[in-house]
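Heads up: the sequence shown at position 292 corresponds to 292 in full-length UniProt numbering, and the numbers run straight through without jumps.
Glycine included, every Cβ here is placed at the ideal spot set by N, Cα and C.
Predicted, not measured: the structure shown is a model, and the values here were computed from it.
For reference, the structure discussed in these notes is given below.
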Amino acid sequence: MVVLEGVTKKYDEFSIERLDLRIEKGEFFTLLGGSGCGKSTLLRVISGIEREFQGSIEIDSMDIRGRSTFETGLSMVFQDSLLLPNLSVEDNVAFGLKMKGVGKKERLTKARDALVELGLGGFEKRHPNDLSGGQKQRVAIARALVMEPKVLLMDEPFSALDEELRGKLQKLLKEIQRKYKSTILFVTHDRDEAFYLSDKIAVMDNGSIVQVDNPQKLYENPRDEFVARFLGINNIFKGKVSGGILRDDNFQVEVDEKTSEGRVVVALKAEDMRVVEEGAPESIGSSYFKGRVEDISFKSGFYHFILDIEGKKVEVVQNRVDFHIEVGQRVKVSYKKKNIIYIKREGLC
Numbered sequence: 001m002v003v004l005e006g007v008t009k010k011y012d013e014f015s016i017e018r019l020d021l022r023i024e025k026g027e028f029f030t031l032l033g034g035s036g037c038g039k040s041t042l043l044r045v046i047s048g049i050e051r052e053f054q055g056s057i058e059i060d061s062m063d064i065r066g067r068s069t070f071e072t073g074l075s076m077v078f079q080d081s082l083l084l085p086n087l088s089v090e091d092n093v094a095f096g097l098k099m100k101g102v103g104k105k106e107r108l109t110k111a112r113d114a115l116v117e118l119g120l121g122g123f124e125k126r127h128p129n130d131l132s133g134g135q136k137q138r139v140a141i142a143r144a145l146v147m148e149p150k151v152l153l154m155d156e157p158f159s160a161l162d163e164e165l166r167g168k169l170q171k172l173l174k175e176i177q178r179k180y181k182s183t184i185l186f187v188t189h190d191r192d193e194a195f196y197l198s199d200k201i202a203v204m205d206n207g208s209i210v211q212v213d214n215p216q217k218l219y220e221n222p223r224d225e226f227v228a229r230f231l232g233i234n235n236i237f238k239g240k241v242s243g244g245i246l247r248d249d250n251f252q253v254e255v256d257e258k259t260s261e262g263r264v265v266v267a268l269k270a271e272d273m274r275v276v277e278e279g280a281p282e283s284i285g286s287s288y289f290k291g292r293v294e295d296i297s298f299k300s301g302f303y304h305f306i307l308d309i310e311g312k313k314v315e316v317v318q319n320r321v322d323f324h325i326e327v328g329q330r331v332k333v334s335y336k337k338k339n340i341i342y343i344k345r346e347g348l349c
C-alpha cells in the first residue's frame, strides 16, 4: 500500500501542494492530466529522484524519505527505455539484480523468465541496437518486473510508440498486472489509455488532484467542468433552471422536473444523444434540440457530428444513421433527461 499525506514540492514557477493519496496493494492506479499538471513531478517525488519535499510518503508503512530504491522496493519505467547499449538484452534485464548482489545463474534465469513473459523469448543475446522501439520498452518493463517491486512506477512508457504497438503493449501490461496482482502507479496524458488500464484514476490539474475514482464513476460523475472536458465530455451547458427548463441565452435544455430552480452546470455525453431527421416523429420520454449540421466524420465505426444549436456547438457520436445527411442540413437531436449529468448547482457555480 502507498500512502501520501500532505506531499508538497515547490519550484520557482510551479508546485504540487499538499497532495493526499492512497494506492491499495495490487491496484493499477493512474495519474492522468495534461502537460505541466504535476503528474510526472509527483511520480519523481515518490520514486526518490526528487528527494526534497514536504509531507510524508509511506510504502507498506515504511517512510521512504532518505531511503534507496532497493530499500523502498520500487522499480521505474520511463518513456525512454534507457537500456545499456554495451550489454545484451538478458544482461540489461538482470542488471538491477546484479547490483543487488544476486548470483549470476539465478539472475539470468529470472531475466530469461521475464523476457519470455514479455514475449521476448529468444532475444536474450541480442543488443539494444538490434531491437525495435516496442521491443526496447518490453525489455525495460522486464528489467523493472524482475526486481519483484512492491510498486512499479511507469512514466508515460508507451507515448512514443505508434497506436497499434501501444495498444498491444497496453494489453500485455494489463495481463501481467492481473496475473501477478502487481501494484502499478502509471502516468499518462491519454484518457483512453488510463480508462483501459486502470482500476483507479486521479485526475490532476495545476499541481492538484482534482478527482479520484474508478474510470466508470469518473466518466459518469465528473466533479467539475475541467474533469468533464478532460474526459471528453464537451457538451456542457450553464444557465438558470425554471419550470424544468435550463436557459442559457437562446439555448434551452429540458431537465428533470424535480430539479431545484437556480443556476446549474450540466453536461450531456456525445454518445447519449442521437441525430434524427428534422421531420421525424418525437418519441415519448425523449427531449429534442433543433439545429444545423456543421461537420460530419466517420471514425472507428462511429459517426461524429458537430451541430450548431442556437449558437452552441454540440457533439454527437452514434454508430448508425438511418437517413441521408450532409453538412448544412437541419436536423433534430434527441436525448433523455435521465442522462443529464449535474456538475454544479446553485451556490456552487
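According to DSSP, what are the bridge partners of V187? Taking the sequence shown and counting its residues from 1, the one referred to as residue 187 is at position 187. L31, D155, per the DSSP bridge assignment.
Measure how close the beta-carbons of Y335 and Q318 come, nearest whole angstrom, since I'm counting them as under 8 Å. On the sequence shown, residue 335 is found 335 positions in, with the first residue counted as 1. On the sequence shown, residue 318 is found 318 positions in, with the first residue counted as 1. 12 Å between Cβ atoms; not a contact.
In angstroms, rounded to a whole number, what distance separates the CA positions of P157 and R44? Translated into positions along the sequence shown, residue 157 becomes position 157. Translated into positions along the sequence shown, residue 44 becomes position 44. Between P157 and R44, the C-alpha separation is close to 14 Å.
Is I343 closer than 8 Å to E225 when the C-beta atoms are compared? By one-based count along the sequence shown, residue 225 stands at place 225. By one-based count along the sequence shown, residue 343 stands at place 343. The answer is yes: Cβ separation under 8 Å.
Excluding five sequence neighbours on each side, which residues of the same chain lie with their C-beta closer than 6 Å to the C-beta of A202? Start at 1 with the first residue of the sequence shown, and residue 202 comes out as number 202. Around A202: L31, I209, V212.
Selected residue, minimal CA-CA separation from G6, among G311, S75, L21, R223: Here residue 6 refers to the residue found at position 6 when the sequence shown is read from its first residue. Considering only alpha carbons, the answer is L21.
Going by DSSP, what residue range makes up the alpha helix (DSSP H) through V93? In the sequence shown, counting from the first residue as 1, residue 93 sits at position 93. That run of the alpha helix (DSSP H) goes 89 to 99.
If you pair each beta-carbon of the region 304 to 315 with each one of the region 230 to 240, do three or more pairs fall below 8 Å? yes
Return the chain-ordered list of same chain residues with a C-beta closer than 8 Å to the C-beta of L348, the five sequence neighbours on each side being excluded. As a first step, residue 348 is located in the sequence shown; it is residue number 348 there, counting from the start. No answer about L348 holds up, because its pLDDT of 41 lies below 50 and its placement is not dependable.
Between which two residues does the alpha helix (DSSP H) containing T219 stretch? If you number the sequence shown from 1, residue 219 lands on position 219. Sequence inspection shows Tyr at residue 219; the Thr mentioned does not correspond to that position. Here the alpha helix (DSSP H) through Y219 covers 215 to 220.
Decide yes or no for the touch test of the region 321 to 340 against the region 267 to 280: beta carbon pairs closer than 8 Å, at least 3 of them. yes
Which residue marks the beginning of the alpha helix (DSSP H) containing D113, and which one marks its end? For the purposes of this step, residue 113 is taken as the residue at position 113 of the sequence shown. D113 -> alpha helix (DSSP H) spans 104 to 117.
Taking G207 and E17 to be in contact with their CB atoms under 8 Å, please state how far apart those CB atoms are, rounded to whole angstroms. Taking the sequence shown and counting its residues from 1, one reaches residue 207 at position 207. Taking the sequence shown and counting its residues from 1, one reaches residue 17 at position 17. That pair is a contact at about 6 Å.
Would you kindly check if the distance between the Cβ of S81 and the Cβ of Q170 is under 8 Å? Within the sequence shown, numbered from 1, the residue matching residue 170 stands at position 170. Within the sequence shown, numbered from 1, the residue matching residue 81 stands at position 81. Going by C-beta atoms, Q170 is not nearer than 8 Å to S81.
Which of the three DSSP states is assigned to Q252 in this structure? Counted from its first residue, the sequence shown places residue 252 at position 252. Strand.
Look up I176 in the DSSP assignment and say whether it is helix, strand or coil. Numbered from 1 along the sequence shown, position 176 holds the residue referred to as residue 176. Residue state, collapsed to three classes: helix.
Take L84 and list the residues in its own chain whose beta-carbon comes closer than 6 Å to its own, dropping the five residues that flank it on each side. On the sequence shown, position 84 is the one that residue 84 refers to. Around L84: N92.
Would M154 and F186 be called neighbours here (beta carbons separated by less than 8 Å)? Against the sequence shown, residue 154 aligns to sequence position 154. Against the sequence shown, residue 186 aligns to sequence position 186. Their beta carbons are under 8 Å apart, which means M154 touches F186 by this criterion.
How is the beta strand (DSSP E) around I59 delimited, first residue to last? Walking along the sequence shown from the start, residue 59 turns up at place 59. Where I59 is concerned, the enclosing beta strand (DSSP E) stretches over 54 to 59.
Could you tell me whether the Cβ atoms of E277 and V331 are closer together than 8 Å? Within the sequence shown, numbered from 1, the residue matching residue 277 stands at position 277. Within the sequence shown, numbered from 1, the residue matching residue 331 stands at position 331. In contact: E277 and V331 (Cβ atoms closer than 8 Å).
Comparing C-alpha positions only, which one of S15, K258, A111, I306 sits nearest to D295? Taking the sequence shown and counting its residues from 1, the one referred to as residue 295 is at position 295. The shortest Cα separation from D295 among S15, K258, A111, I306 belongs to I306.
From this set, S286, G36, P128, A280, which residue's C-alpha is nearest S322's C-alpha? Working through the sequence shown from its first residue, we reach residue 322 at position 322. At residue 322 the sequence reads Asp, which differs from the Ser that was named. Selected option, being the one with the closest Cα: A280.
Buried versus exposed, by CB contacts within 10 Å (16 or more), K9: Position 9 of the sequence shown, counted from the start, is the residue given in the question as residue 9. K9 comes out buried.
Excluding the 5 residues preceding and the 5 following I341 in the sequence, name in chain order all residues of the same chain whose CB lies nearer than 8 Å to its CB. For the purposes of this step, residue 341 is identified with residue 341 of the sequence shown, where counting begins at 1. Cβ within range, chain order: E220, N221, P222, A228, I233, V266, A267, L268, K269.
Beta-carbon within less than 6 Å of N214's beta-carbon, same chain only, minus the 5 sequence neighbours each way: which residues are those? Translated into positions along the sequence shown, residue 214 becomes position 214. The residues are K200.
When the Cβ atoms of the region 105 to 118 are set against those of the region 138 to 145, are three or more pairs found closer than 8 Å? yes
Taking A114 as the reference, give the member of L131, A94, M76, I284 with the closest Cα. Mapped onto the sequence shown, residue 114 falls at position 114. Cα-wise, what sits closest to A114 is A94.
Beta-bridge pairing of S297 - partner residues as DSSP gives them: Numbered from 1 along the sequence shown, position 297 holds the residue referred to as residue 297. DSSP output for S297 lists H304 as bridge partner(s).
Please report the distance separating the alpha-carbon of V132 from that of F230. Residue 132 sits at position 132 when you count from the first residue of the sequence shown. Residue 230 sits at position 230 when you count from the first residue of the sequence shown. Checking the sequence shown, residue 132 turns out to be Ser, not Val. Each residue's Cα considered, the two are about 32 Å apart.
How about D60 and M1: do their beta carbons lie closer than 8 Å? In the sequence shown, residue 60 corresponds to position 60, counting from 1. In the sequence shown, residue 1 corresponds to position 1, counting from 1. Contact: yes.
Burial state of I57, where buried means 16 or more other Cβ atoms lie within 10 Å: Numbered from 1 along the sequence shown, position 57 holds the residue referred to as residue 57. When all chains shown are included, I57 counts as buried.
Does Q329 come out as helix, strand or coil in the three-state DSSP assignment? For the purposes of this step, residue 329 is taken as the residue at position 329 of the sequence shown. The answer is coil: DSSP assigns Q329 none of H, G, I, E or B.
Considering only their Cβ atoms, is the gap separating L165 from G134 smaller than 8 Å? Here residue 134 refers to the residue found at position 134 of the sequence shown. Here residue 165 refers to the residue found at position 165 of the sequence shown. Contact: yes.
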